[in-house]
Structures are given as C-alpha cells and as structure tokens.
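Enquirer: Numbered by the UniProt record's numbering, the letters in the sequence shown go through residues 1 to 610 in order.
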Amino acid sequence: MDARVSELFGSTSGHGSGGSQGPASNHRPGNGSGVASKKAGAKNRKARARFPRNFKPSNNTPYLPPEAEEGNIEYKLKLVNPTQNRFEHLATQMKWRLQEGRGEAVYQIGVEDNGMLVGLSEEDMRASLKTLHRLAEKVGADIAVLREREVDYDADVPRKIAEVLIRKVPDDQQFLDLRVAVLGNVDSGKSTLLGVLTQGELDNGRGRARLNLFRHLHEIQTGRTSSISFEILGFNSKGEVVNYSESRTAEEICESASKMITFIDLAGHHKYLKTTIFGLTSYCPDFAMLVVSANTGIAGTTREHLGIAMALKVPIFIVISKVDLCTRATVERTLRQLERVLKQPGCNKVPMVVSSTDDAVTAAQQFAQSPNITPIFTLSSVTGESLDMLKVFFNIIPPLSNSKEQEELMQQLTEFQVDEIYTVPEVGTVVGGTLYSGICREGDHLVVGPTELGQFHKLTVGSIQRNRSACRVLRAGQAATLALGNFDRSLLRKGMVMVSPEMDPTICWMFEAEIVLLFHAKTFHKGFQVTVHIGNVRQTATVEAVYGKEELRTGEKAVVLFKFIKHPEYLKVGAKVLFREGVTKGIGHVTNLQAISHHHHHFQGQDEKA
Numbered sequence: 001m002d003a004r005v006s007e008l009f010g011s012t013s014g015h016g017s018g019g020s021q022g023p024a025s026n027h028r029p030g031n032g033s034g035v036a037s038k039k040a041g042a043k044n045r046k047a048r049a050r051f052p053r054n055f056k057p058s059n060n061t062p063y064l065p066p067e068a069e070e071g072n073i074e075y076k077l078k079l080v081n082p083t084q085n086r087f088e089h090l091a092t093q094m095k096w097r098l099q100e101g102r103g104e105a106v107y108q109i110g111v112e113d114n115g116m117l118v119g120l121s122e123e124d125m126r127a128s129l130k131t132l133h134r135l136a137e138k139v140g141a142d143i144a145v146l147r148e149r150e151v152d153y154d155a156d157v158p159r160k161i162a163e164v165l166i167r168k169v170p171d172d173q174q175f176l177d178l179r180v181a182v183l184g185n186v187d188s189g190k191s192t193l194l195g196v197l198t199q200g201e202l203d204n205g206r207g208r209a210r211l212n213l214f215r216h217l218h219e220i221q222t223g224r225t226s227s228i229s230f231e232i233l234g235f236n237s238k239g240e241v242v243n244y245s246e247s248r249t250a251e252e253i254c255e256s257a258s259k260m261i262t263f264i265d266l267a268g269h270h271k272y273l274k275t276t277i278f279g280l281t282s283y284c285p286d287f288a289m290l291v292v293s294a295n296t297g298i299a300g301t302t303r304e305h306l307g308i309a310m311a312l313k314v315p316i317f318i319v320i321s322k323v324d325l326c327t328r329a330t331v332e333r334t335l336r337q338l339e340r341v342l343k344q345p346g347c348n349k350v351p352m353v354v355s356s357t358d359d360a361v362t363a364a365q366q367f368a369q370s371p372n373i374t375p376i377f378t379l380s381s382v383t384g385e386s387l388d389m390l391k392v393f394f395n396i397i398p399p400l401s402n403s404k405e406q407e408e409l410m411q412q413l414t415e416f417q418v419d420e421i422y423t424v425p426e427v428g429t430v431v432g433g434t435l436y437s438g439i440c441r442e443g444d445h446l447v448v449g450p451t452e453l454g455q456f457h458k459l460t461v462g463s464i465q466r467n468r469s470a471c472r473v474l475r476a477g478q479a480a481t482l483a484l485g486n487f488d489r490s491l492l493r494k495g496m497v498m499v500s501p502e503m504d505p506t507i508c509w510m511f512e513a514e515i516v517l518l519f520h521a522k523t524f525h526k527g528f529q530v531t532v533h534i535g536n537v538r539q540t541a542t543v544e545a546v547y548g549k550e551e552l553r554t555g556e557k558a559v560v561l562f563k564f565i566k567h568p569e570y571l572k573v574g575a576k577v578l579f580r581e582g583v584t585k586g587i588g589h590v591t592n593l594q595a596i597s598h599h600h601h602h603f604q605g606q607d608e609k610a
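1. In the DSSP assignment, find the alpha helix (DSSP H) that holds Q84 and state where it starts and stops.
2. Give the single residue among V546, P505, L518 and F416 whose Cα lies nearest to the Cα of A483.
3. Do V106 and Q365 have their C-beta atoms within less than 8 Å of each other?
4. Could you say which of M94, E150, L117 and R126 lies nearest to G140 if we only look at CA atoms?
5. Give a yes or no on contact between the stretch 492–504 and the stretch 470–481, applying the rule of three or more CB pairs nearer than 8 Å.
6. For the alpha helix (DSSP H) that F278 lies in, which residues bound it at each end?
7. Report the rounded CA-to-CA distance for T225 versus F579, giving the unit in angstroms.
8. If distances are taken between C-alpha atoms only, which option among N236, F263 and L266 comes closest to C254?
9. Taking E544 as the reference, give the member of L132, G582, L561 and V516 with the closest Cα.
10. Tell me, please, which residues DSSP counts as bridged to Q365.
11. Where G101 and P399 are concerned, what is the direct C-alpha to C-alpha distance, given to the nearest angstrom?
12. Rounded to whole angstroms, what's the CA-CA distance from S355 to F377? Just pull it up for me.
13. Can you tell me where the alpha helix (DSSP H) holding V590 begins and where it ends?
14. Among the candidates G297, V353 and F511, whose CA atom is the shortest distance from the CA of F317?
15. Should L517 and T481 be called a contact, given that it needs their Cβ atoms to be closer than 8 Å?
16. Does N85 pass the burial test, meaning 16 or more other C-beta atoms within 10 Å, or should it be called exposed?
17. Could you say which of T198, Q369 and K259 lies nearest to K168 if we only look at CA atoms?
18. Check whether the stretch 381–399 and the stretch 334–353 touch, using three or more Cβ-Cβ pairs below 8 Å as the test.
19. What residue from Q478, M289, E150 and T584 has the CA that sits closest to T434's CA?
20. Does DSSP put C471 in a helix, a strand or coil?
21. Can the beta-carbon of residue 648 be found closer than 8 Å to that of G297?
22. If we count the other Cβ atoms within 10 Å of its Cβ and call it buried at 16 or more, is P158 buried or exposed?
23. CA-CA distance, M503 and M389?
24. Do you know offhand how far K76's Cα is from G110's?
25. Would you mind listing the alpha helix (DSSP H) stretches within the stretch 354–436 that are 4+ residues and don't spill past its ends, in chain order?
26. For M496, name the three-state secondary structure that DSSP assigns.
27. Suppose the cutoff is 6 Å on Cβ atoms and the five residues either side in sequence are ignored; what does the same chain contact list for P351 look like?
28. Helix or strand or just coil, what does DSSP make of E569?
29. For P23, which residues in the same chain have their Cβ closer than 6 Å to its Cβ, ignoring the five residues on either side in sequence?
30. Less than 8 Å between the beta carbons of H525 and V546, yes or no?
31. Counting Cβ pairs closer than 8 Å, one from the stretch 178–185 and one from the stretch 274–285, do we hit at least three?
32. In chain order, what residues of the same chain have a beta carbon less than 6 Å from the beta carbon of I166, not counting five sequence neighbours either side?
33. Please determine, among P501, V583 and K458, the residue with the shortest C-alpha to C-alpha distance to K522.
34. For L593, collect the residues of the same chain with a Cβ closer than 7 Å to its Cβ; drop the 5 residues on either side in sequence, then sort them by chain order.
35. Using only alpha-carbon positions, find the residue among V431, V430 and C440 that is nearest to Q411.
36. Whole angstroms is fine: what's the gap from E231's alpha carbon to V186's?
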C-alpha cells in the first residue's frame with residue numbers, strides 16, 4: 001500500500017473515532033473534569049505500553065485514570081462488613097454498572113475513586129471479595145477474579161489490588177453477543193485457529209481442526225474458505241470456555257454460555273475478495289481479528305483486509321499464528337513488520353504485544369476504551385502455545401456500543417437486513433441477517449423489498465433463531481434467522497430489507513456519494529461500471545456523473561452520481577460505500593438519494609404477485 005493510499009485511510013479513519021470512546025463522554029454537570037482526566041489517563045496508558053516486558057506496572061505512578069460516572073468500571077477501596085443500608089446501596093450501584101456494560105462490569109478493589117492504587121492487606125482483600133460475592137449473589141450475577149497484583153510502597157505488609165469481572169446475563173435475553181470478523185491472507189491459519197477455539201482440540205499441523213468449519217466440498221479439497229461461515233465460542237458466567245469439546249451441540253452451548261462470541265470466518269483468497277467485503281459490510285461485526293502467519297508475515301491480501309477494516313471503522317486486533325513453524329527471530333521479524341505498518345501515519349495505531357494473561361486483561365480493557373490500541377497475540381494452533389491469552393481476551397472484552405445507543409436503536413422502527421436466504425424442509429423459507437434497528441417478535445407483520453419494480457411485499461415473521469437456538473425477541477444489533485413460512489422464495493434476494501409497514505422506506509435507482517479513489521489503473525470517469533457494496537447491498541452500478549471534475553485519479557476525492565443497473569435498492573444517507581472493479585477500489589459515504597416517487601410503493605399481498 002503506497003504512502004498516498006495509507007494517508008487516505010488516515011483521512012477516512014480519522015474523524016468519527018472520537019465518538020466511540022465510551023465512558024469519556026460525561027454529560028453530567030459537576031463532572032466536567034472527567035473528560036480531561038480521561039485523556040490524561042490515556043496518555044499514561046500509552047506511556048505504560050512502551051515499557052520493557054519485565055517492568056512492573058506498579059512502579060509507574062500508582063494511579064489509574066479517575067473513575068467515570070458512566071461506563072462499567074467501578075473502583076472500590078474496600079468492602080469490609082458493610083451495614084445493611086450500605087449493602088443495598090452497593091447492590092443498586094452494581095446493577096447500574098452491569099446495565100452500563102450490557103451485563104458485564106469490572107470492579108477494581110483497593111483503588112480510590114481518584115484512581116490511586118492504595119492496595120489492601122490480605123484479610124481486608126479476602127473480606128472485600130467475600131462481600132463482592134454476596135453482592136453478586138443478590139443481583140444474580142457471577143464473579144471471577146481476573147488478576148491480583150501487589151502494590152509496593154515501602155510498607156512491611158504486602159498490599160494487593162484485585163480486578164474482578166462480574167457478569168450477569170440480562171433477564172430478557174439468553175446471552176451477551178459479540179461478533180468478530182476473522183480476516184487475513186489465504187493460508188494464514190484463520191479457519192484452523194477457529195477450529196481449535198471452537199472445537200477445543202489442537203490441530204495436527206495438517207489442517208484437521210478446520211475440517212469441521214468448511215461448508216463446500218471444494219473447500220475441503222483445497223483447504224480454502226470461499227464462503228462465509230459462522231462459528232460460536234461461549235463463555236459461562238465464571239469465565240470458562242464453553243465449546244464443542246465435550247461433544248455439545250450448538251443449542252447446549254447457547255444454554256450454558258452467558259457470553260457468546262460469533263466468529264464470522266471470511267475468505268482470505270484474493271479471488272473471494274467480494275465475499276470478504278460483503279461479510280464486513282453486511283454482518284456489522286463488533287471487532288475484526290486479523291490473522292497473520294508468522295512464517296510469511298504481511299503478504300497477499302493482509303494489507304487490503306487491514307485497510308478495508310479501517311475504512312469501515314471496525315476496531316481490529318491481530319493474531320500471529322503458526323509460531324511453532326519458525327524460530328523466535330522470524331516471529332520477531334513479523335512483529336516488527338506489523339508494528340511498522342500499524343504506526344504508519346495512515347493507520348496511526350498503537351501496537352500492544354500481549355505476552356502474559358495479565359497483558360491480555362489490560363489489552364481487553366484498553367482496546368475497548370480507545371480504538372487506536374491494537375493488541376497483538378502470538379500463538380500456535382498446533383502446540384496450543386498462548387491460546388489461553390486469546391481466550392482470556394475474548395472473555396473480558398466488552399461490547400462496544402453501550403446500552404444507551406442500543407436502547408435508542410431499539411426504539412426506532414423495525415428494520416432487518418437480509419443477508420442469506422434458505423429453504424428449509426418442513427419450515428419453508430428462512431432468511432438470515434441482522435436486525436439493524438427496532439425489535440422483532442414472532443408474529444410481527446413486516447414488508448420486504450424492494451423488488452425489481454421497487455415494490456414491497458407483506459409477510460409475517462414465524463419463528464426466530466439466534467445461534468441455532470430459539471429466541472422470542474430479537475433486539476437491534478443482533479443477528480438471527482427468521483422463518484417466513486410459505487412465503488415465495490423467488491421474491492427475495494440478498495440486499496433486501498424487512499421493515500415495519502409504517503416506515504415508508506426510501507428506495508432509489510440513483511444516489512450520490514462522496515468517494516475517494518484508492519487505487520486505479522487508468523482514470524475513473526463517467527460511464528465507468530463498478531460493483532458497489534453498501535451494507536448488505538451489493539450491485540453493479542454505472543457512474544452517471546463526476547461533479548466538478550472530468551475524471552478522477554488515484555487519491556482524489558469527489559462527489560459521484562451512481563446508478564444501479566438491475567434494480568432499485570433501499571439506502572440511507574451516511575451509509576459507508578465501498579466499490580471495486582478489477583484493480584479499482586474506492587471508499588466513501590452516501591450523501592444524497594434520488595428517491596423514486598412516481599409510483600408510490602404499493603404493498604402487495606402474496607396473492608397478487610408482481
């Protein structure tokens with residue numbers, strides 16, 4: 001990726017990252033200092049990441065960033081024999097923290113509210129943890145100590161601070177849900193790593209672990225993923241891994257897990273790039289995991305995948321796999337190479353190498369707080385080296401969007417994006433996809449479209465399944481499959497939306513987008529045809545006009561008018577656009593829609609098919 005292109009990625013990933021820093025946005029009066037101190041905390045944090053590995057963090061000024069009102073992290077100096085009244089108050093506070101973290105909270109014991117690491121003696125610590133256990137029982141949550149460490153002031157008695165993860169699945173849903181897209185060059189070991197994580201047995205070095213993931217015969221023969229497959233890894237409320245190792249079925253995993261991580265295994269091969277882009281734009285992953293093979297380093301599509309993930313503003317962390325195949329020096333070389341790429345002005349990320357479980361805990365929390373920190377894991381799917389650190393990381397990592405954003409989305413009208421369509425014997429037509437906004441229940445009446453003519457058809461939602469187990473209510477941001485009964489499959493295609501009838505969806509043939517041309521062999525001008533990806537929409541469009549310029553060259557920005565070739569689509573202003581054609585690639589966002597108004601969409605029943 002040449003310098004100009006990386007600068008471009010910079011220009012797209014620069015703005016917009018500010019808003020996602022969770023607890024930093026204190027809107028409360030009287031807490032004005034919160035924001036500034038948070039930033040100072042981030043500076044400390046960056047400084048700490050540069051120290052050599054044997055360095056004890058406690059010698060660094062013994063401070064954490066001050067506690068924020070919002071967010072799911074709570075500091076407690078000690079909890080020894082609280083009175084009944086105080087106990088009730090603490091329980092309420094724990095509920096609030098859990099709600100903020102959508103069912104997860106982290107308690108730092110032995111830390112004052114201003115962030116000073118005071119530490120507790122052994123017995124105080126024991127008593128405090130006991131109180132915490134009682135609190136968690138009262139709230140119905142489970143508790144797991146993440147780590148304890150000693151704080152050494154020149155005191156005779158060693159004093160400790162402890163970090164505790166508290167997890168409670170919200171009453172109205174079965175489990176917490178995170179989606180992780182898995183990226184990386186072909187043969188970097190993505191499917192094998194997922195096989196090892198989700199099946200719980202190590203690889204034999206010749207790809208045995210990944211056979212369970214493949215969906216097509218040609219994938220088994222070549223060992224390459226071409227389709228998008230979903231894998232699940234569960235954690236129970238004590239933080240233990242729940243996977244297929246005890247020969248469980250997916251339903252059993254869903255029942256015993258309180259946190260589910262759905263891996264979206266994307267194709268690494270260049271030939272399947274469109275599938276990869278579709279996976280990243282339509283499945284809205286919370287995080288992306290970029291797998292790099294230690295012996296080949298950054299090769300093939302690795303840079304492209306990194307670029308696409310950054311253009312779509314998906315926070316990314318890196319796994320260097322296959323360390324059993326090469327020497328320490330080779331692994332180090334790959335690490336250096338990655339750090340160089342990540343520190344380029346375009347990427348602007350702070351690499352953080354994880355070399356102990358303690359690091360993994362820190363990485364998970366900082367990664368969630370500041371999107372520019374990039375944790376790097378080195379592991380082997382064959383020997384199982386350092387796999388546990390990755391599991392610890394997955395166990396702690398909190399959902400990115402906080403509860404408020406999700407609640408706002410849930411109050412809007414229902415909108416479900418259709419990504420996959422199946423016919424299941426004895427069930428009928430089934431669609432898979434993501435609920436973008438609103439709430440969806442069994443028996444809801446929705447309309448689906450747009451068809452080739454720009455119309456919408458009525459339908460009724462039958463049963464709903466999430467991660468292969470039944471689910472009564474679907475909330476914004478969750479992926480699921482919906483059964484539609486005897487609805488005619490030929491009326492459906494990928495890229496459609498199912499919305500509530502009162503939404504009056506805007507559909508269009510033509511739309512304007514402000515784009516940046518990332519790479520182009522010749523010039524880009526009117527009449528050019530490209531494949532456009534916008535969310536779950538994927539269709540060929542022609543360039544109808546380039547405003548203010550005759551033609552575009554690599555690295556130039558412009559507003560362009562596109563027109564779809566086959567059928568109108570449902571779009572939103574502000575949606576991210578990726579387009580490609582051969583070697584041409586570009587990114588941008590929708591600025592304006594030319595809605596169709598000449599025939600107001602009539603909703604068609606099943607009987608009078610278009």
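The beta carbon of each residue, even a glycine, is placed where N, CA and C say it ideally should be.
Quantities reported herein were computed from a predicted structural model and do not represent experimental measurements.
Expert: Concretely, from the data shown:
1. As a first step, residue 84 must be located in the sequence shown, where it is residue number 84. It spans Q84 to E100 - the alpha helix (DSSP H) in which Q84 sits, taken as one unbroken run.
2. Residue numbering aside, residue 483 sits at position 483 when the sequence shown is read from its first letter. If we check each option's Cα against that of A483, F416 comes out closest.
3. Within the sequence shown, the letter at position 106 stands for residue 106. Within the sequence shown, the letter at position 365 stands for residue 365. Cβ atoms of V106 and Q365: closer than 8 Å.
4. Here residue 140 refers to the residue found at position 140 when the sequence shown is read from its first residue. The shortest C-alpha separation from G140 is found at M94.
5. no
6. As a first step, residue 278 must be located in the sequence shown, where it is residue number 278. F278 -> alpha helix (DSSP H) spans L273 to S282.
7. For the purposes of this step, residue 225 is taken as the residue at position 225 of the sequence shown. For the purposes of this step, residue 579 is taken as the residue at position 579 of the sequence shown. Per-residue confidence for T225 stands at a pLDDT of 48, beneath the threshold of 50, marking its modelled position as unreliable; the derived number appears in the next sentence. Approximately 22 Å, taken between the alpha carbons.
8. The residue given as residue 254 occupies position 254 in the sequence shown. The shortest Cα separation from C254 among N236, F263 and L266 belongs to N236.
9. Here the question's residue 544 lines up with position 544 in the sequence shown. Nearest of L132, G582, L561 and V516 to E544, Cα basis: L561.
10. In the sequence shown, the residue the question calls residue 365 occupies position 365. Checking the DSSP bridge columns, you'll see Q365 has no partner listed.
11. As a first step, residue 101 is located in the sequence shown; it is residue number 101 there, counting from the start. As a first step, residue 399 is located in the sequence shown; it is residue number 399 there, counting from the start. Straight-line Cα distance between these residues: approximately 7 Å.
12. In the sequence shown, residue 355 corresponds to position 355, counting from 1. In the sequence shown, residue 377 corresponds to position 377, counting from 1. So the two alpha carbons sit approximately 7 Å from each other.
13. As a working mapping, residue 590 is identified with position 590 in the sequence shown. Segment T584 to A595 is the beta strand (DSSP E) holding V590; no alpha helix (DSSP H) there.
14. In the sequence shown, the residue the question calls residue 317 occupies position 317. With distances taken between Cα atoms, F317 lies closest to V353.
15. By one-based count along the sequence shown, residue 517 stands at place 517. By one-based count along the sequence shown, residue 481 stands at place 481. No. Outside cutoff.
16. In the sequence shown, residue 85 corresponds to position 85, counting from 1. By the neighbour-count rule (16 or more Cβ atoms within 10 Å), N85 is not buried but exposed.
17. Here the question's residue 168 lines up with position 168 in the sequence shown. Measuring from the Cα of K168, the nearest candidate turns out to be K259.
18. no
19. Along the sequence shown, read from residue 1 onward, the residue named residue 434 stands at position 434. Ranking the options by Cα distance to T434, first place goes to Q478.
20. Counting from 1 along the sequence shown, the entry for residue 471 is found at position 471. Of the three classes helix, strand and coil, the one that applies to C471 here is coil, per DSSP.
21. Residue 648 lies beyond the range of the chain shown here (1 to 610); nothing can be said about it.
22. Locating residue 158 in the sequence shown gives position 158, counting from the first residue. Classification for P158: exposed.
23. One-based indexing of the sequence shown puts residue 503 at position 503. One-based indexing of the sequence shown puts residue 389 at position 389. Approximately 46 Å between the Cα atoms of the pair.
24. Mapped onto the sequence shown, residue 76 falls at position 76. Mapped onto the sequence shown, residue 110 falls at position 110. Answer to the nearest angstrom: the Cα atoms are 6 Å apart.
25. The qualifying runs are 357–369, 387–396 and 403–411.
26. Position 496 of the sequence shown holds residue 496. Reduced to three states, the DSSP call for M496 is coil.
27. Translated into positions along the sequence shown, residue 351 becomes position 351. Here P351 has E339, L342, T374 and I376 as same chain residues with Cβ atoms under 6 Å from its own Cβ, once five neighbours each way along the sequence are excluded.
28. What you label residue 569 is simply residue 569 of the sequence shown in a count that begins at 1. Three-state DSSP puts E569 in a strand.
29. Within the sequence shown, numbered from 1, the residue matching residue 23 stands at position 23. Low confidence applies to P23: its pLDDT is 41, below 50, so where it sits in the model is not reliable enough to give any reading.
30. Position 525 of the sequence shown holds residue 525. Position 546 of the sequence shown holds residue 546. Going by C-beta atoms, H525 is nearer than 8 Å to V546.
31. yes
32. Here residue 166 refers to the residue found at position 166 when the sequence shown is read from its first residue. Answer for I166: A105, A136, A141 and I143, listed in chain order.
33. The sequence position of residue 522 within the sequence shown is 522, counting from 1. Nearest neighbour of K522 by Cα position, chosen from P501, V583 and K458, turns out to be V583.
34. Here residue 593 corresponds to residue number 593 of the sequence shown, with the count starting at 1. Result list for L593: T506, C508, F511, L571 and V573, in chain order.
35. Here residue 411 corresponds to residue number 411 of the sequence shown, with the count starting at 1. Ranking the options by Cα distance to Q411, first place goes to C440.
36. The residue given as residue 231 occupies position 231 in the sequence shown. The residue given as residue 186 occupies position 186 in the sequence shown. Approximately 18 Å, taken between the alpha carbons.
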